[in-house]
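When you read off a place in the sequence shown, starting at 1, and then add 3, the result is the number in our numbering.
Below is one structure, written out as structure tokens, with a few remarks after it.
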Amino acid sequence: GGSIKHDISVPVSRMADFIAQASEAVTARLPGIRPVPFGHIGDGNIHFNLSQPVGMDKSEFLALWGEMNAIVHGIVRGMGGSISAEHGVGQLKRDEIAATKSPVEMAMMRALKQALDPKGILNPGKVV
């Protein structure tokens, strides 16, 4: 079946709240959706994946990708977290990350990428 994946982080003290609120919010939008939170719970990093409801068409489910991201990422931002934890910022989150990070944080990410990859040959088009 289809899966909508999230690699997020929130303060460790908010982990249980995030899992409860995000699970409730996506289920309210799509009854039968199957949240699958797992990962590095001890450091605030959660892989909050969403599996399609049993019997739902995969393409119909995946068409909800943007809406599900908005729900999950909104909760993450409200808790002072990050929409990108251990896997960096690639093409899928490149535009959205600017709305969640300060100009200083964005400049730091660009500077780090430039320092490690001055010729732009490692993961071209990715932020970090």
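For each residue, glycine too, the CB sits at the ideal point set by N, CA and C.
Judged by DSSP in its simplified three-state form, residue 106 adopts helix. Annotation: the continuous beta strand (DSSP E) that includes residue 53 extends over 48 to 54.
Under DSSP, residue 13 takes part in no beta bridge, so it has no partner.
Per DSSP, residue 57 is not a residue of any beta strand (DSSP E), being assigned neither H nor E. Sixteen is the threshold: when 16 or more other Cβ atoms of the shown chains lie within 10 Å of the Cβ of residue 51, as they do, the residue is buried. Annotated three-state conformation of residue 44 is helix, per DSSP. In the same chain as residue 84, and ignoring 5 residues on each side of it, the C-beta atoms closer than 8 angstroms to its own belong to 11, 12, 13, 14, 17, 21 and 47, in chain order. In the displayed model, residue 22 falls within a helix according to three-state DSSP.
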